Structure formats: C-alpha cells, structure tokens
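Trainee: Using UniProt numbering, the first residue of the sequence shown is number 1, and each one after it goes up by one.
No residue lacks a Cβ here, since even glycine has one placed at the ideal position from N, Cα and C.
Computed from a predicted structure; not experimentally measured.
One structure, pasted below without further comment.
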Amino acid sequence: MFLFQDSESHSGKEFVLAFPDGARIGNLRLYITTPVDGTVFPVHIKTPLLSHTNMKVIVSSGQETVVEIPSDLTVSDTSKSYKSILVQAENLIVLFASNMQADSGDSFIVYPVEVLSTEYVSVNLDSKNGALKSMTAILAVNDQTLVHLSLPVGSSVTYNGNTYTFGSQLSVNLRKYEIFQFSSEDDLSGTTILSNYPIAVISGHQLGNPSVSSFTTKDMILEMLIPWKYWSTHYIAISNPVFSSGDGELIRIFTLCEKATVIIDKSGVHSQIKIDPASFYEFPLELAKSAVITSDKRVLVSQVSSSKPFFGSKRGDPRSMLPAPLHSWLNEYTFSSPGKSKGGSFEHGLVLVAYSTSVDTTTLDNMSLQSSVWHTIAGTNLKYTALPLSEGDHQLKCGGILKCWGYVFGIGVYEEYGTSIGRSFTKKKTPDANFMGKVIIELDVIDNQILFTTPVFSTTVKSRTECGKMCFLYSCTFLSFRSTDGLCYLYSEDQTCTPTVESSDFRRYHLRK
C-alpha cells in the first residue's frame with residue numbers, strides 16, 4: 001500500500017471549492033483519484049448551504065472518477081454566494097476541478113481543508129478587454145470568519161454600492177462554507193487577503209491573455225492559491241517544451257516581506273531584483289526554457305502561458321499555474337489529466353522536472369522514461385522533459401530517495417489547461433545525510449548582512465562550501481559566513497522576513513540545491 005510520506009500534502013479527506021464564472025456557460029467537473037492501493041470507498045459531494053446537490057460516488061484505486069457538477073453553481077461578479085461545494089471522502093483522495101467552455105476553460109488542483117490558512121495574495125491577469133474580469137473566490141470553513149482585502153495600486157472593486165481602491169480596505173464577514181467573490185476589470189494580482197480563520201481561495205480571470213503573447217486569443221485561467229505560510233525561497237519555472245514556435249510564459253513573483261532580494265537565473269544568466277509587498281515583479285520566460293528563482297525571503301511564483309500554435313487546428317491558449325518550490329516536491333504522485341474539451345479533444349501531457357541522477361529510475365505508470373528527451377537546467381543538477389499522457393489516472397514515481405515535480409496540461413482547439421500535480425505542505429525539511437554526495441552545493445550571494453534574530457544553528461567550518469553543506473543538512477534557507485574564522489550562521493525559512501543589519505565581515509548567501 002502506498003500513502004504519501006508527508007502528513008500534509010495535496011491528498012486529503014475533506015475539500016471545499018467554488019467555480020468562478022467564465023465568459024460563457026461551461027461544463028463543471030471534478031476529477032477524483034486515490035493514492036491508496038487496493039481500495040474502494042465512497043466520496044460524498046454536496047452543496048452544504050443549499051439543497052441543490054447531494055451525491056455519492058465510488059472511488060477505486062487505479063481509476064479516475066469524473067463527476068459532473070451542475071453548471072448553475074458558478075459564482076458571478078462581486079458578491080456573496082452559497083454555491084460552495086464540499087467533498088468528503090472515507091479515505092485519501094486527490095482532487096482536481098475544471099470549468100470547460102467553448103474554446104475556453106482551465107483546470108486546477110484542489111487542496112484539502114487541513115492545509116488552508118489565513119494569508120494569501122491574489123493571482124490574476126490584465127483583461128485587455130473591458131468586458132472581461134479578474135476574479136477571486138474566498139470560501140470560509142468556519143463561522144464568524146472575517147476577511148480583509150487590500151487592493152493593489154491601480155485597481156478598484158465595487159461592492160454593495162461602495163468602490164474600494166488602493167489604500168482602502170474591503171472587509172466581509174462569512175459564515176461557514178459561504179463564498180465571497182470579488183472581481184474587477186483591473187488586474188487584481190497582488191491583492192492581500194487576510195482572515196481570522198483559515199479560508200480557501202481560488203483566483204483567475206474570465207478570459208485573459210498575458211502581455212508576452214503576440215496573439216490576441218484569450219482563455220480562462222484558474223488556480224487554487226497557496227497560503228503564505230507555505231511560500232518558499234527556491235522555485236523552478238519551465239515553459240512547456242512541446243511547442244515548437246510562439247511566445248513563452250509570463251512569470252510573476254509576489255512577496256509579503258519588505259525588500260525581498262530575488263535572483264533569477266535563465267540559462268546561466270543571472271539577474272538580481274528587489275520586490276516589496278506593494279508590487280510584484282514580472283518577466284518573460286522564452287518558449288521551452290527554464291528559470292531558477294531564488295530569494296532571501298518567502299515568495300510566490302506564478303506562470304501564465306501565451307497563445308501559440310500546436311499542430312493542426314489545436315493551439316495553446318493562456319493557462320495559469322503555480323510551480324511548487326523544491327522543498328515541497330514528493331517522491332510519488334497520483335494525479336489525473338483533468339480536462340475534457342467542450343467541443344473537441346485534448347492532447348494531454350506532463351511537464352516533469354527531476355534530479356539528473358534519478359532520470360533513469362523515474363517511472364510514469366510503471367514505464368521507464370530513459371528514452372525521453374531531457375533538457376538540462378543550467379547551474380543545477382536538474383533536468384526537465386514533456387511526456388504525453390492518456391486521459392485518466394496516472395502514477396509518477398521519482399527515482400530512489402530523490403524527489404521530483406511536474407504540471408499536467410491539455411491542449412485543444414483554442415483552449416488549454418494546466419495545473420500542478422501536487423506538493424507537500426510539510427514545512428520541515430529532513431534530508432538524509434547520505435544524500436549529500438548526490439547534491440551540488442551552490443551558493444548565491446545576497447548581501448553583506450546578518451539577521452538581528454538568533455540563527456537556528458551556528459558552527460565553525462573550514463570553508464564556505466562546508467557552511468553550505470551544513471545549511472543543507474539542517475534544512476536552512478540561507479546562511480551568513482565569515483571567512484576570517486569560518487563562523488557559519490544558519491537561518492530557517494521562517495526567519496526570511498526578519499530585519500537585517502549591515503556587517504563588514506559577514507556575507508549572506510542563499511542555498512541553491
């Protein structure tokens with residue numbers, strides 16, 4: 001029997017979700033699989049605040065269960081709603097959702113209630129068309145939930161006859177399972193969402209098109225947001241290599257910390273920028289290329305694909321996806337290909353990133369990936385590839401003790417979906433000391449500073465590289481090293497927003513793995 005090693009991951013027994021509405025009437029679906037071998041059990045799906053939907057389906061290991069959801073359960077405009085959906089299972093399941101319309105739609109992975117939290121940042125897109133809107137749906141899982149929204153510069157939201165802009169705060173009270181959705185013709189990306197109890201947040205755009213796209217076709221984008229407590233400092237962004245021509249992806253980086261230093265490495269070319277909570281940073285990622293993103297403070301990374309030709313009448317259209325940071329990767333995944341085209345068919349696939357030493361032993365549906373075309377990510381011991389998928393349930397096993405991650409996608413006629421295949425939500429990293437020989441230790445210089453706070457560990461070592469190895473073994477995020485005597489300070493991810501002080505003899509580094 002296989003169970004996820006992490007007690008908190010994308011698999012769970014209870015989920016809540018909502019479907020923000022699109023520009024057209026769509027087909028709403030849930031895709032359910034289980035990571036537990038040899039099991040058959042019921043899953044209950046209902047609208048907890050409405051006598052509308054109440055059904056039971058049977059889920060079996062090794063099979064994908066697809067559930068049709070009534071199309072009138074989409075949530076419109078800026079409003080409160082009782083159209084939430086509650087999914088409860090008697091064993092662990094993995095849940096995806098999709099809203100597929102004619103020539104549009106997207107899918108997203110749904111995370112369990114147990115990993116929800118109270119701090120989020122909205123991820124949306126520019127409209128390029130005044131009739132179409134950014135939208136973010138918030139779901140309460142407790143009574144008396146109070147939610148505060150702080151909008152980004154240049155945006156506005158109108159609710160109950162009042163217009164809210166940057167500098168004003170929109171607050172709402174929600175009962176258990178109630179939804180509040182806010183929408184705008186402006187780009188709502190960067191909206192800070194705070195609550196007194198955990199909430200679920202699903203964010204996107206009715207029909208968006210990123211600035212990097214030279215084509216005018218648009219598509220719906222949707223993704224369930226990651227709470228700030230699970231943001232991290234090391235990401236890999238990959239533009240889908242199945243396309244042979246066209247534009248790449250729009251990458252955005254968000255933070256809730258002051259003066260976050262971010263290093264972006266594209267094909268070995270480094271750039272360093274600083275971002276603050278009041279804004280986000282964006283850059284284009286060329287077609288079929290990768291970017292290594294490291295930061296001294298917690299950040300969230302999003303990527304939105306552009307419109308581009310695939311083959312025949314099929315073309316990739318915008319889809320939104322949140323890459324999982326490296327420390328949240330898993331050894332094994334069970335996932336779906338969560339897309340059924342409203343008027344045609346999808347070409348499904350998986351973009352996979354793995355450690356170079358594990359490529360030969362990684363399997364997809366028990367098949368070796370040795371013959372696949374792998375691309376090297378400069379400055380790392382990682383590679384990535386794109387693999388075709390059939391419709392349905394899939395199992396990915398990464399090689400040995402090494403972990404991997406990927407995103408599933410589907411390309412149709414003027415439509416595309418894409419979302420993460422899963423991730424860990426366990427904050428503590430526990431690498432095996434025997435793993436050290438298989439890892440390249442590289443350090444990126446941040447600045448000449450140390451933190452006011454006490455390091456999680458301090459020691460004296462012979463070299464900066466030895467300090468980096470200690471950082472890896474103690475699961476630290478960054479370190480300060482003094483070369484004169486080898487003093488090594490290690491700091492955790494929870495300390496990334498701590499104030500710093502200038503130092504004449506210390507240099508601060510981020511560990512790149």
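1. What do you get for M220, buried or exposed, if any count of 16 or more other CB atoms within 10 angstroms of its CB means buried?
2. Check V301 in the structure and name its three-state DSSP category.
3. What does DSSP give as the partner residue(s) for S232 in the beta ladder?
4. Suppose the cutoff is 8 Å on Cβ atoms and the five residues either side in sequence are ignored; what does the same chain contact list for E8 look like?
5. Evaluate T430 with the Cβ neighbour count: other Cβ atoms within 10 Å of its Cβ, from every protein chain shown; 16 or more gives buried, anything less gives exposed.
6. Which residues in the same chain as G22 place their Cβ atom closer than 8 Å to its Cβ, once the five residues preceding and following it in sequence are excluded?
7. Evaluate contact between the segment 473 to 483 and the segment 409 to 417, counting only Cβ atoms and requiring at least three cross-stretch pairs below 8 Å.
8. Between the Cα of N381 and those of T217, S358, T65, M367, spot the shortest distance and give me the residue it belongs to.
9. Return the chain-ordered ranges of every beta strand (DSSP E) run that is complete within the segment 95 to 130 and spans a minimum of 3 residues.
10. How is T47 classed by DSSP in three states: helix, strand or coil?
11. Within its chain, find whatever has a CB closer than 8 Å to the CB of G392; leave out the 5 residues flanking it on each side and keep chain order.
12. Determine the DSSP secondary structure at T357, reduced to helix, strand or coil.
13. What is the DSSP secondary structure of G12, reduced to helix, strand or coil?
14. Looking at the ligand FMN, does it come within less than 8 Å of N366, judged from the CB to the closest heavy atom?
15. Quick test of your reading: E109 and A18, contact by CB under 8 Å. State the CB separation rounded to the nearest angstrom.
16. Among L92, S356, L151, Y177, which residue has its Cα nearest to the Cα of residue 514?
17. When you compare only the Cα positions, how much space is there between G12 and V67?
18. Tell me, please, whether the segment 450 to 463 touches the segment 488 to 508 by the rule of three or more beta-carbon pairs shorter than 8 Å.
19. Nearest CA to the CA of T376: which residue from G268, I401, R482?
20. Is it true that the CB of S195 sits closer than 9 Å to the CB of M135?
21. Hey, how far is the Cα of V301 from the Cα of D72?
Mentor: Quick answer:
1. buried
2. strand
3. V299
4. E114, V115, S424, F425, T426
5. With a pLDDT of 45 at T430, under the threshold of 50, the modelled position of this residue cannot be trusted, and the question is left open.
6. T74, N99, Q101, S104, G105, Q206, L207, M220
7. no
8. S358
9. 104 to 110, 117 to 121
10. coil
11. Q63, E64, S336, S337
12. helix
13. strand
14. You won't find the ligand FMN in this model; it holds no ligand whatsoever.
15. A small fix is needed here, since residue 109 is Ile in this sequence, not Glu. Contact flag wrong, Cβ pair sits at about 15 Å.
16. Residue numbering for the chain in the displayed model covers 1 to 513; residue 514 lies beyond these limits and cannot be assessed.
17. 18 Å
18. yes
19. G268
20. no
21. 32 Å
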